[in-house]
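J.: So the sequences go chain by chain: P and H.
Quick note on the working numbering: the first sequence kicks off at 100 and runs consecutively.
Quick note on the working numbering: the second sequence kicks off at 100 and runs consecutively.
Where is the CB? At the ideal position from N, CA and C, for every residue including glycine.
None of the values given here were measured: they were computed from a predicted structure.
2 protein chains.
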Amino acid sequence: MNTIRIEPLTAAAFRPYGDVIEKGLAQEITINRGKCVRHHALALADVTGEGARVAINIFAGQPYDLPHKLDLVERHPLGSQAFYPLGGHEWLAIVCEDDDGVPVSPRAFLASPDQGINLNRDQWHGVLTPLHAPCDFLVVDRAGPGDNLEEHLFDTPWTVQK
Amino acid sequence: MNTIRIEPLTAAAFRPYGDVIEKGLAQEITINRGKCVRHHALALADVTGEGARVAINIFAGQPYDLPHKLDLVERHPLGSQAFYPLGGHEWLAIVCEDDDGVPVSPRAFLASPDQGINLNRDQWHGVLTPLHAPCDFLVVDRAGPGDNLEEHLFDTPWTVQK
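(1) Where do the ends of the beta strand (DSSP E) carrying residue 112(P) lie?
(2) Give, in chain order, every residue of the segment 161-172 of chain H whose Cβ lies closer than 9 Å to some Cβ of chain P.
(3) Do residue 139(P) and residue 159(P) have their C-beta atoms closer together than 8 Å?
(4) With a threshold of 7 Å on Cβ separation, who are the neighbours of residue 183(H) within its own chain once the five nearest residues in sequence on each side are excluded?
(5) On the three-state DSSP scale, how would you describe residue 219(P)?
(6) If residue 108(P) sits next to residue 181(P), beta carbons under 8 Å apart, how far is it from one beta carbon to the other, in whole angstroms?
(7) With H, G and I counted as helix, E and B as strand and the rest as coil, what does DSSP make of residue 133(P)?
(8) Work out the CA separation of residue 113(H) and residue 259(H) for me, nearest whole Å.
(9) With residue 246(P) and residue 154(P) assumed to form a contact (beta carbons below 8 Å), what rounded beta-carbon distance in angstroms separates them?
(10) At a CB distance below 8 Å, what residues from the segment 214-238 of chain H approach chain P? Give them in sequence order.
(11) Which bits of chain H does residue 135(P) rub up against, with CB to CB less than 8 Å?
(12) Could you check what DSSP says for residue 173(P) in three-state terms: helix, strand or coil?
(13) Identify whether residue 121(P) lies in helix, strand or coil by the three-state DSSP scheme.
(14) Short check: CB of residue 223(H) to CB of residue 103(H), under 8 Å?
(15) For residue 190(H), which of 177(H), 212(H) and 175(H) has the nearest alpha-carbon?
(16) Could you list which residues in chain P have their beta carbon closer than 9 Å to that of residue 116(H), in chain order?
(17) Between residue 174(P) and the ligand ZN, is there a pair consisting of the residue's CB and a ligand heavy atom that are separated by less than 7 Å?
(18) Figure out for me which residue from 226(P), 220(P) and 141(P) has the closest Cα to the Cα of residue 205(P).
(19) Going by DSSP, what residues sit across from residue 156(P) in a beta bridge?
(20) Who are the neighbours of residue 181(H) on chain P, taking C-beta pairs under 8 Å?
(21) What residue does the beta strand (DSSP E) around residue 201(H) start on, and which one ends it?
(22) Can the beta-carbon of residue 229(P) be found less than 8 Å from the beta-carbon of residue 162(P)?
(23) Identify the contact partners of residue 141(H) in chain P, using a Cβ-Cβ distance below 7 Å as the criterion.
(24) According to DSSP, is residue 116(H) helix, strand or coil?
(25) Report all residues from its chain with a CB closer than 7 Å to the CB of residue 192(H); omit the five preceding and five following residues, and keep chain order.
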């Protein structure tokens, strides 16, 4: 019975894993003669290692169906990784706790089209999982030399469902 | 006759001022078992000064009409600033060259809903200028202490038009 029930994405629930990027969750500063509200520093990039830079990328993702079979998670020891959807569709943010190098206690959060996340550095997570339709994401993560990817394959896949 | 004619936004035309963030302009890496294409490092954040961090923000902008009266530009000496539209509308990227501390030769670029920019550090630019409708932008720039804003008011405003 390796089942993960999908939960709504909230800043409070997601706090152990990273930040939610969404209006209303940070300091709001009115700028540009009143024409713009800056939702300030909803997340901070965190990169380390020689030659590390913060890169802005676009990930063009193909959609997944529910129930979703989760057999692989990964983590990036040298940098945080932020995802923000550009396509107007829901998507899944899947994360695990770490138990001495092994990902455990997976959780799946349903993100709205207006919600992004910034995964903490070295946070176990599933790969990008748009639902329903292809979706591009703006991604802010680490560029530079060094081995920044660790993968873990579950012996028994998890079933992610509503 | 202080008129600025709006030009299309292309990576080549914008190169002196920063990078265009758009699919197809950088290395493309297929990841996640073929389910995702990473358009890698379309831009790099560039922040400096003690306590500098790269922040991810949302700017909620009110729209401007054309012709647009441009009387103010600004620059951020301590950090680059990236804008990516979330709302599906066109917007204007306005920049100037620097002549010994004075902004000159303004240009206005019409960006599509699928185009972002990353302004170089210390690059003169107009404030965020969505067209047609309110639009949110994902913004990647500098957070931290220090004076990171310089403004310049033109004696005679410029008229920005198609």
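T.: Judging by the given coordinates:
(1) It is not in any beta strand (DSSP E) - residue 112(P) instead sits in the alpha helix (DSSP H) that spans 110-113.
(2) 161, 162, 163 and 171
(3) no
(4) 120, 215, 236 and 237
(5) coil
(6) Not quite, the Cβ-Cβ distance comes to about 14 Å (not below 8 Å), so this is no contact.
(7) helix
(8) 17 Å
(9) Between residue 154(P) and residue 246(P) the Cβ distance is about 16 Å, and since that is not below 8 Å, they are no contact.
(10) 215, 217, 226, 227, 235, 237 and 238
(11) Those within 8 Å of residue 135(P) in chain H are 158, 159, 160, 161, 226 and 227.
(12) Residue 173(P) falls in the strand class under three-state DSSP.
(13) coil
(14) no
(15) Cα-wise, what sits closest to residue 190(H) is 212(H).
(16) Going along chain P, no residue has its Cβ under 9 Å from residue 116(H), so there is no contact; the nearest lies around 16 Å.
(17) This structure lacks the ligand ZN; in fact it carries no ligand of any kind.
(18) 226(P)
(19) In the DSSP output, where bridge partners are listed per residue, residue 156(P) has 238(P).
(20) 155
(21) 201-210
(22) Contact check for residue 229(P) against residue 162(P) passes: the beta carbons are separated by less than 8 Å.
(23) 155, 156 and 157
(24) coil
(25) Sequence-distant Cβ neighbours of residue 192(H) in its own chain, meaning closer than 7 Å and more than five residues away, are 108, 208, 210 and 216.
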